[in-house]
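Heads up: the structure comes next, in structure tokens.
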Amino acid sequence: MKSFLMIIGAVLICSSLVFAAGPKTYQVTGPVLEVKDDSIAVQKGKEKWEIAKDAATKVTGDLKVGSKVTIEYTMKAVTVEVKDAGKKAESKKTEPAPAKAPAKK
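In this text, residue positions in the sequence shown follow this note's numbering: the first is 7, and each later residue adds one.
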């Protein structure tokens with residue numbers, strides 16, 4: 007019985023660690039186009055990527071224009087504005103369809 011409870015406890019701890027992992031991380035690699043106090047601009051293919059940074063951003067090495075960098079970042083929502091489109095769509099789905107006209111004989 008004791009070992010069973012220990013196994014259950016271990017499973018619960020492991021599952022909680024999976025959910026506490028945080029948001030998915032992404033990477034962008036390329037030459038630095040511009041460095042500001044609050045952002046870094048990187049060339050990726052034909053696109054210019056501007057990534058925000060703050061005092062908590064860890065930078066290793068000498069960050070300057072022309073340096074090749076790999077930036078690891080997460081996508082984090084700043085605001086979420088909810089429109090009532092979901093309620094309108096639900097009400098349309100719940101209305102019964104009009105009855106078909108009886109077939110002529």
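Using N, Cα and C, we set each Cβ at its ideal position, and we do this for glycine too.
Bear in mind the structure is a predicted one, so any value in this text is a computation, not a measurement.
The three-state reading of DSSP puts A91 in helix, counting H, G and I together.
Burial state of V48 is buried, judged by a 10 Å Cβ sphere holding 16 or more other Cβ atoms. Under DSSP, the beta-bridge partners assigned to G36 are V75. By the neighbour-count criterion, in which 16 or more other beta carbons inside 10 Å mark a residue as buried, I46 falls on the buried side.
As the crow flies, the alpha-carbon of P29 is around 8 Å from that of K82. As a beta-bridge residue in DSSP terms, I46 pairs with V41, I57. In this structure, K42 is the residue among I13, K42, T80, I19 with its C-alpha nearest to the C-alpha of L69.
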